[in-house]
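Encoded as structure tokens, the structure appears first; notes follow it.
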Amino acid sequence: MHTKNSKSSPARIGMVNYINVAPIHEKWKATVRRDDWQLVEAPPAVLNRKLADGQVDLGFVSSYEYGAHPEKYKILSGLSISANGPVGSVFLFSHLPMDQLDKARVLLSSQSETSVSLVKIILEEFYKVRPQYETGDVLSTKHKDFKAVLAIGDDALRLVDSSVYLYEFDLGDIWKRETGLPFVFAVCAVREEFCTEHPEKLVDIHRELLRCRDEGKNDLKSICALAAPRIPMTEKRCFEYLSAIEYDLSGQKRKALEIFFEYLIKRGDIPNNAVPLKIFANLF
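Start counting the sequence shown at 250; every next residue gets the next number (my numbering).
As structure tokens, this is what we get:
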């Protein structure tokens with residue numbers, strides 16, 4: 250267990266409270282005891298706002314958040330929430346084939362700007378259709394008037410076996426098929442001023458996050474015993490799901506992230522300086 254006491258203002262570290270981050274999240278909660286570090290748990294969209302507003306100093310946020318405000322952040326090397334193919338928790342559930350959704354009403358989750366951007370790229374750029382988008386809570390609506398619904402994270406895991414929709418399109422799978430690359434759903438971003446003002450503290454936090462990443466992936470069975478009941482899902486299914494999630498930021502993932510951002514730049518959604526990526530490379 251890693252402990253330390255300090256009277257300085259705590260570093261505020263954002264952690265997504267979805268099951269897909271459980272390997273890092275659970276290891277952190279079990280092994281890190283630092284009075285000078287404060288863990289802030291929230292869904293991706295909330296952490297995006299908190300990081301943008303300076304309410305957290307660093308943390309896991311939607312890839313879109315970094316791309317939208319590249320002047321504010323650096324990306325911590327070696328950390329992401331990614332999939333090299335099917336991700337199992339980012340789906341477009343549909344009553345129609347993808348290429349028949351032109352002008353159809355599509356409900357988008359409000360929980361992740363990255364997944365919303367990805368589904369728009371897939372529909373408009375890959376399948377050449379332009380649906381009518383609306384945003385809302387995908388679980389609390391009856392969806393009677395919607396031909397398709399984008400659900401992510403724990404919501405998607407709850408819907409995937411519901412048999413309500415004829416088609417279940419895994420967005421990670423489609424991106425891999427179209428680009429040949431993995432998809433990076435989230436990065437660990439740090440505010441520029443924290444890099445400048447607290448470089449030694451950042452090195453320590455980065456080291457611990459990487460340790461939790463490695464230990465969590467090597468201890469998936471115990472992690473699944475803790476995480477599976479939250480959905481609920483069986484431990485076996487949880488293990489299969491988390492085994493497909495990748496938490497590194499390899500060269501291929503960096504390339505994929507830049508291609509994603511290039512699509513968004515072309516669409517006018519993010520500024521041109523989102524690429525090249527600004528990486529904080531911790532040499533310890």
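Ideal placement from N, C-alpha and C gives every residue a C-beta, glycine not left out.
Secondary structure of residue i, DSSP reduced to three states
| i | result |
| --- | --- |
| I423 | helix |
| S329 | strand |
| G429 | coil |
| T384 | strand |
| S471 | helix |
| M264 | strand |
| I519 | coil |
| Y496 | coil |
| I371 | helix |
| L288 | strand |
| F533 | Summary for F533: the model assigns pLDDT 49, below 50, so the residue's position carries little reliability; its value from the coordinates is reported in the next sentence. In the structure shown, F533 sits in coil (DSSP, three-state: anything other than H, G, I, E or B). |
| I528 | strand |
| Y416 | strand |
| I273 | helix |
| R379 | coil |
| M347 | helix |
| T483 | coil |
| P478 | helix |
| S258 | coil |
| S364 | helix |
| D404 | helix |
| G316 | helix |
| L513 | helix |
Cβ-Cβ separation, residue j to residue i (assumed contact under 8 Å), whole Å
| i | j | result |
| --- | --- | --- |
| A435 | V265 | 7 Å |
| P380 | L350 | 5 Å |
| S359 | G385 | 7 Å |
| F375 | E427 | 5 Å |
| L356 | V295 | Incorrect: roughly 20 Å between the Cβ atoms, too far for contact. |
| M347 | L367 | 13 Å between Cβ atoms; not a contact. |
| A476 | L430 | The pair is not a contact, with the Cβ atoms about 28 Å apart (cut-off 8 Å). |
| A279 | F432 | A279 to F432, Cβ: 29 Å. No contact. |
| E320 | N522 | 7 Å |
Same chain, Cβ closer than 6 Å to residue i, five either side skipped, listed in chain order
| i | result |
| --- | --- |
| C461 | I273, K276 and W277 |
| V524 | E507 and F510 |
| L459 | G327 |
| V305 | R261, G263, V289 and K299 |
| K377 | none |
| Y496 | R462 |
| S364 | V339 and I401 |
| E345 | The question names Glu, but residue 345 is Leu in the sequence shown. Only K396 meet the Cβ criterion. |
Limits of the alpha helix (DSSP H) - the one that residue i falls within
| i | result |
| --- | --- |
| I401 | Not the alpha helix (DSSP H): I401 falls in the beta strand (DSSP E), residues A397 to I401. |
| G465 | P448 to K466 |
| L296 | P293 to A301 |
Cβ shell of residue i (< 7 Å), same chain only, five flanking positions each side left out
| i | result |
| --- | --- |
| E417 | F340, F342 and V409 |
| A530 | S326 |
| V270 | M264, F309 and I330 |
| W286 | P259, A260, I262 and I454 |
| G465 | P272, I273, E275, K276 and I472 |
| N254 | Since pLDDT at N254 reaches only 48, below the 50 mark, its modelled position is unreliable, and no value is offered. |
| I519 | G316, A317, F510 and L513 |
| F533 | Note that F533 scores 49 on pLDDT, short of 50, meaning its location in the model is unreliable; the coordinates nonetheless yield the value given after this. Excluding positions up to five away in sequence, the list reads V452 and R456. |
| D394 | R354 |
| Q501 | L430 and P431 |
| P335 | D419, G421, D422 and A493 |
Span of the beta strand (DSSP E), counted from its first residue to its last, around residue i
| i | result |
| --- | --- |
| S311 | L307 to S311 |
| L341 | V339 to S343 |
| R354 | R354 to S358 |
Distance cut-off 8 Å: residue i Cβ against heavy atoms of the ligand SAM
| i | result |
| --- | --- |
| R460 | Of ligands this structure carries none, so the ligand SAM is not represented either. |
Bridge partners - residue i, DSSP secondary structure assignment
| i | result |
| --- | --- |
| E507 | Partner(s): none; E507 has no beta bridge. |
| A438 | G308 and I324 |
Chain-order list of residues whose beta-carbon lies under 8 Å from that of residue i (same chain, five-residue window excluded)
| i | result |
| --- | --- |
| C444 | K323, L451 and F529 |
| D403 | Y267, I268, S338, R479 and I480 |
| D468 | P272 and K276 |
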